[in-house]
Amino acid sequence: MDSKPSRGAKLKEWIRRYLPCEIAGTIGEFGGAGLVYWTTGSLATAAVAGTIGASIGYYAIAFGTAARCYHHADSRRRGPLRGVVAALLALRSLLVEFGPAEAVDSLAVRPFAFYVGPLLLGSTMAGWIAAKFFADIIFYLCTIVSYERFGSLIARKQTVPEEAHDGSIDSITVA
Numbered sequence: 045m046d047s048k049p050s051r052g053a054k055l056k057e058w059i060r061r062y063l064p065c066e067i068a069g070t071i072g073e074f075g076g077a078g079l080v081y082w083t084t085g086s087l088a089t090a091a092v093a094g095t096i097g098a099s100i101g102y103y104a105i106a107f108g109t110a111a112r113c114y115h116h117a118d119s120r121r122r123g124p125l126r127g128v129v130a131a132l133l134a135l136r137s138l139l140v141e142f143g144p145a146e147a148v149d150s151l152a153v154r155p156f157a158f159y160v161g162p163l164l165l166g167s168t169m170a171g172w173i174a175a176k177f178f179a180d181i182i183f184y185l186c187t188i189v190s191y192e193r194f195g196s197l198i199a200r201k202q203t204v205p206e207e208a209h210d211g212s213i214d215s216i217t218v219a
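Quick note on numbering: the numbering used here labels position 147 of the sequence shown as 191, and the sequence is numbered without any gaps.
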């Protein structure tokens, strides 16, 4: 029997993993870009603010999730050391999973797209929406390659068997 997950199963896994981060990142991205553009009128400054806002929102959720996974999985340590180790492992996980994608995204693709998008489309909001979709495609292509290639170094929610009401065993996700 082939144990390789179907494309649909992988897509669901990626959506469950990245959607909460994406929602928080989008709020930070459009909030930061909009606020700075409203106060300065500068597309360039708004592009940088949007990129920073996206990163803060996205990685706050990603770090919290990874730290929780590692903290939950570590039953050997007690006290503050458990939290410190979980935080360090979460940081490593984020660097492996997102490091290459974030470098390309934050240093080149997203600021450029947020600056050029409104100029090309003639509308700030339409340009930013198009820029977001373009930048996200590049970001997730890189991120998913890292996630699939270096999975053993990345925080993943654990599944444990649980007895269902009918007596069968189902898997549940922990953390």
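Every residue, glycine too, gets a C-beta built ideally from N, C-alpha and C.
For clarity, every value in this text was computed on a predicted model and none was experimentally measured.
Under the three-state DSSP convention, the category I67 falls into: helix
Just how far apart, CA to CA, sit I59 and P124? 32 Å
What did DSSP end up calling P144 once you bin it into helix, strand or coil? helix
A145 beta carbon less than 9 Å from that of I19: No information on residue 19 is available, as it lies outside the stretch 45 to 219 that the chain covers here.
Cβ neighbour criterion (16 or more within 10 Å) applied to S212: With a pLDDT of 41 at S212, under the threshold of 50, the modelled position of this residue cannot be trusted; read the value that follows with caution. Exposed is the call here.
Going by C-alpha distance, which of G171, T109, G127 is nearest L63? T109
Determine the DSSP secondary structure at K176, reduced to helix, strand or coil. helix
Buried or exposed: W172, going by 16 or more other Cβ atoms within 10 Å of its Cβ? buried
Does the beta-carbon of T109, which I'm using as the reference point, lie nearer than 8 Å to any heavy atom of the ligand COA? Inclusion of the ligand COA in the displayed structure is not the case, the ligand content being empty and no account of it being possible.
Rounded C-alpha distance that separates V80 from K56: 35 Å
Have a look at Y114 and D180 and give me their C-alpha separation to the nearest angstrom. 27 Å
Assuming A175 contacts A157 under a Cβ cut-off of 8 Å, what Cβ separation, rounded to an integer in Å, is found between them? 4 Å
Provide the residue span of the alpha helix (DSSP H) that contains I99, from first to last. According to the sequence provided, residue 99 is Ser. The question's Ile does not apply to it. Element bounds for S99: 87 to 117.
Ends of the alpha helix (DSSP H) at R154? 154 to 165
Rounded C-alpha distance that separates G88 from V129: It should be pointed out that residue 88 corresponds to Ala in this sequence rather than to Gly. Going from the Cα of A88 to the Cα of V129 covers about 39 Å.
Check the C-beta distance from A90 over to E73 and give it rounded, since I have them as a contact under 8 Å. Between E73 and A90 the Cβ distance is about 10 Å, and since that is not below 8 Å, they are no contact.
Hey, out of L139, T168, T95, whose CA is closest to P155's CA? T95
Buried or exposed for S119, going by 16 or more other Cβ atoms inside 10 Å? exposed
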